[in-house]
Amino acid sequence: MIQLKGIRKSYQTAYTELEVLKGIDLEIAAGDFVSIMGSSGSGKSTLLNILGILDEYSAGSYYLDGTLIQNLSQKQAAYYRNQLLGFVFQSFNLLSFKTAAENVALPLYYQKVDRKRRQELAIEYLDRVGLKEWSDHLPSQMSGGQQQRVAIARALITQPKVILADEPTGALDSKTSDDVMELFKQVNDEGITCILVTHENDIADKTKRVIHLKDGMIENNKIQSISQ
Amino acid sequence: MFDYDKWTEIFNSILRHKLRTALTALGVFWGIFMLVLLLGAGQGLENGVNYEFRDDAINSVFIRRGYTSMPYNGLPKGRRIQFNNEDFDFLQEQFEDIEYLTARFYLSGDQTVRYKDRSLSYSTRGVHPDHQHLENSQIIDGRYINQLDLEQLRKVCVIGQIIKEEIFGDEPAVGEALQIGKAVYTIVGVYTDTGSDNEMRIIYTPITTVQAMNNTSQKLHDLMFTTGDLSVAEVNKMQSEIRFNMAKRHEFDVRDRRAVWMFNLSEEYAEISNLLWAIKAFVWFVGIGSIIAGIIGVSNIMLIVVKDRTKEIGVRKALGATPRSIITMVLQESIFITALAGYGGLVLGVVLLSLIGSIEVEFFRNPQIDIKIGIIATLVLILAGTLAGLMPARQAASINPVEAMKA
Chain A
3 MIQLKGIRKS
13 YQTAYTELEV
23 LKGIDLEIAA
33 GDFVSIMGSS
43 GSGKSTLLNI
53 LGILDEYSAG
63 SYYLDGTLIQ
73 NLSQKQAAYY
83 RNQLLGFVFQ
93 SFNLLSFKTA
103 AENVALPLYY
113 QKVDRKRRQE
123 LAIEYLDRVG
133 LKEWSDHLPS
143 QMSGGQQQRV
153 AIARALITQP
163 KVILADEPTG
173 ALDSKTSDDV
183 MELFKQVNDE
193 GITCILVTHE
203 NDIADKTKRV
213 IHLKDGMIEN
223 NKIQSISQ
Chain B
-6 MFDYDKWTEI
4 FNSILRHKLR
14 TALTALGVFW
24 GIFMLVLLLG
34 AGQGLENGVN
44 YEFRDDAINS
54 VFIRRGYTSM
64 PYNGLPKGRR
74 IQFNNEDFDF
84 LQEQFEDIEY
94 LTARFYLSGD
104 QTVRYKDRSL
114 SYSTRGVHPD
124 HQHLENSQII
134 DGRYINQLDL
144 EQLRKVCVIG
154 QIIKEEIFGD
164 EPAVGEALQI
174 GKAVYTIVGV
184 YTDTGSDNEM
194 RIIYTPITTV
204 QAMNNTSQKL
214 HDLMFTTGDL
224 SVAEVNKMQS
234 EIRFNMAKRH
244 EFDVRDRRAV
254 WMFNLSEEYA
264 EISNLLWAIK
274 AFVWFVGIGS
284 IIAGIIGVSN
294 IMLIVVKDRT
304 KEIGVRKALG
314 ATPRSIITMV
324 LQESIFITAL
334 AGYGGLVLGV
344 VLLSLIGSIE
354 VEFFRNPQID
364 IKIGIIATLV
374 LILAGTLAGL
384 MPARQAASIN
394 PVEAMKA
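Just so you know, the protein sequences line up as chains A and B, in that order. Here the first sequence is numbered in our numbering, starting from 3 and rising by one per residue. Here the second sequence is numbered in our numbering, starting from -6 and rising by one per residue.
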């Protein structure tokens, strides 16, 4: 599903060039459930942004579902993000003035799905995350865990190949974190590739594979038994 | 194409910042409102001026007899200058640029006019056929005085519409015989005039006929002519030539302005026209200035809106919004605010103008704006909204989702 070869990313600052990723080689198969760990500054968020086509890389190659993701126009990038990827963010990033259902339906708006169908699908996906009753509520009326589940429903509604999650439990207490991770596991069980960035070991332990980043390099890359 | 969702987004955005949007809209509203009002007032002024000049050809020159105020060649001052047919012939022969030329011979005092048992009193003038053009008289029945009438000293007359109504009511007047003073004239035409009612209480007859009735074949009272497309300078030059020539023939000092009165409307009119042009230019200058101020206001507010929504736009981009969809979202909002506010200003301005329109003041009449200007204004508003939104929209489209969501 994802093939990275020699991915480098450097930022030009006023005086120096700061290399954040120093040659990442990584393959993630379809249906995998991967967590990316590392201390802050290790480059894990940068890697996730490159995977999410939100950021460009300086050197190397990135294939997503067989497509070379390189030098895309903004329009093409928007298309692939919309068609192949689903995002879950640490701070949920729901639109505060839209109801849960409207938030979930938003990606479909950019796919030009008609309004009625969007509404139906949004309710359906909210139901899947157990929030059908909350579809008319605004994010501000919901708890953090509920908001994150709405965000997950929004990521799932386009039936993406890959879900990318940036510290999805970072703002949640441990009980809610477990619920959210359970949800990710369900999603993964349906065959959707899940990649999440975290710095919490017990979260990483719930994934099939953990990738440790250190100073822009992959430190070790181990497959762990899910039963652990 | 009507995109329900896009409009929902726009209303949402506007409703979230009611006060801010309203204040911005006020800028555009006021700009257009003032422009309409000023343009209308300018038009009203122009209409008023044209109205004051309406019943006379604006390029006309009047020559009237006077009394000498300076002695000349041993002749005393206070002499009456009397025009005659030679003056008319001189003008006719020497000046090709004269468009219409007529003399006037006034029958002294109002004449008693009799028709059957009715007896009224009107003033009567002998004129040349061109007189019709100098007074802007419009024939509504029959014809005006013609050259043949003059040659054959026909006893015919043309009467004003009011005389016709006062004497004949709804009955036709043309062909009827009218006793004017001691002589009987046949009515050949009825005219109307855009000037005051008094302009339509005058009877015109061939000048030669009137001269004959008054035992003279030579005397004229006034001379009037129009100058076509001549410039004010050319008219002035012509006038001094005429004055020079008349001074010689009638023996008065050429510097003696009172011997022969000569004046034209074109100079006066040209001055007022220049003034009107200047007022119009000023109006556009001020109006466009205030519209530009309004547009900058909209642009500013849209920049703030985009800044405010940076995070939201970042999320939208992460979810698959194309730059184009972001640009149209911002542009549409900007155009909507500008167009709605501007249109409001346009409508209120026009309504106010029509209220003012019922006021009648001298030199101010019927203020209004052209429908063409209204249409142009609408197009300009849409263009203005686009311009106002363009920079903020591009800024929105260039938002980096990663950066935006960090904020």
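Positions of the beta carbon are idealized from the N, C-alpha and C atoms, including for glycine.
Host beta strand (DSSP E) of residue i (start-end)
i, result
"A:H214", "R211 to K216"
"B:Y184", "A176 to T185"
"B:A96", "L94 to Y99"
"B:D90", "No beta strand (DSSP E) holds B:D90; DSSP gives it neither H nor E."
"B:W254", "V253 to N257"
"A:I165", "V164 to D168"
"A:Q14", "I4 to Q14"
"A:V36", "F35 to M39"
Rounded separation between residue i and residue j - CA only
i, j, result
"B:K148", "B:Y178", "5 Å"
"B:V183", "B:S224", "34 Å"
"B:S189", "B:A18", "47 Å"
"A:D93", "A:Q143", "Note that residue 93 of chain A is Ser in the sequence shown, not Asp. Their Cα atoms are separated by approximately 15 Å."
"B:G174", "B:T105", "5 Å"
"B:E86", "B:A170", "36 Å"
"B:D80", "B:V247", "16 Å"
"A:T160", "A:Y82", "11 Å"
"B:I362", "B:A96", "40 Å"
"A:L128", "A:R119", "14 Å"
"B:I366", "B:A377", "15 Å"
"B:E264", "B:D90", "22 Å"
"A:L123", "B:G33", "56 Å"
"A:S98", "B:G35", "51 Å"
"A:I228", "A:E221", "Legend: pLDDT at A:I228 = 48, less than 50; position of this residue unreliable, value from coordinates given subsequently. In a straight line, the C-alpha of A:I228 is about 21 Å away from that of A:E221."
"A:F91", "A:T18", "30 Å"
"B:N5", "A:L86", "29 Å"
"A:H214", "A:S44", "9 Å"
"B:E39", "B:R251", "33 Å"
"B:M239", "B:S210", "20 Å"
"B:P316", "B:A389", "8 Å"
"B:E45", "B:W254", "22 Å"
"B:V93", "B:F245", "In the sequence under discussion, the amino acid at residue 93 of chain B is Tyr, which differs from the Val named in the question. Between B:Y93 and B:F245, the C-alpha separation is close to 27 Å."
"B:I285", "B:L296", "16 Å"
Residue of the options minimising C-alpha distance to residue i
i, options, result
"B:L380", "B:E326, B:T61 and B:F88", "B:E326"
"B:T321", "B:A386, B:R136, B:K304 and B:L258", "B:A386"
"B:G37", "B:S347, B:T185, B:N139 and B:F55", "B:S347"
"B:V373", "B:A334, B:K399 and B:F357", "B:A334"
"B:L28", "B:G287, B:E396 and B:G382", "B:G287"
"A:Y65", "A:L56, A:F91 and A:E29", "A:E29"
"B:I56", "B:G307, B:P316, B:T219 and B:E244", "B:T219"
"A:D217", "A:S47, A:L56, A:A61 and A:A155", "A:S47"
"A:N105", "A:Q121, A:Q113, A:S63 and A:K114", "A:Q121"
"B:Y108", "B:P394, B:A176 and B:G221", "B:A176"
Bounding residues of the alpha helix (DSSP H) (the contiguous stretch that carries residue i)
i, result
"A:Y81", "Q76 to L86"
"B:S114", "Premise fails: B:S114 lies in the beta strand (DSSP E), R111 to V120, not in any alpha helix (DSSP H)."
"B:Y336", "P316 to I349"
"B:A377", "I364 to A390"
"B:I160", "Q154 to F161"
"A:D191", "S176 to D191"
Status (buried if at least 16 other CB within 10 Å, exposed otherwise) for residue i
i, result
"A:D138", "exposed"
"A:K77", "exposed"
"B:N154", "In the sequence as presented, Asn is not what sits at residue 154 of chain B; that position holds Gln. Buried, because 16 or more other Cβ atoms sit within 10 Å of the Cβ of B:Q154."
"B:L68", "exposed"
"B:D142", "buried"
"B:P165", "exposed"
"B:V344", "exposed"
"B:N207", "exposed"
"A:Q230", "Note that A:Q230 scores a pLDDT of 42, beneath 50, so its modelled location is shaky; the value from the coordinates is reported in the next line. With fewer than 16 other Cβ atoms within 10 Å, it is exposed."
"A:W136", "buried"
"A:T15", "exposed"
"A:N190", "buried"
"A:T69", "exposed"
"A:A153", "buried"
"A:N73", "exposed"
Is it a yes or a no for the segment 171 to 179 of chain A touching the segment 197 to 210 of chain A, going by three-plus beta-carbon pairs under 8 Å?
yes
Answer yes if the segment 187 to 203 of chain B comes into contact with the segment 113 to 121 of chain B, meaning at least three C-beta pairs across the two stretches below 8 Å, and no otherwise.
yes
Is it a yes or a no for the segment 338 to 353 of chain B touching the segment 11 to 31 of chain B, going by three-plus beta-carbon pairs under 8 Å?
yes
Would you check if the segment 59 to 76 of chain B and the segment 276 to 289 of chain B touch, i.e. whether three or more CB-CB distances between them fall below 8 Å?
no
Any 3 or more C-beta pairs closer than 8 Å across the segment 45 to 56 of chain A and the segment 146 to 158 of chain A
no
Contact between the segment 178 to 198 of chain A and the segment 10 to 23 of chain A: three or more CB pairs below 8 Å?
no
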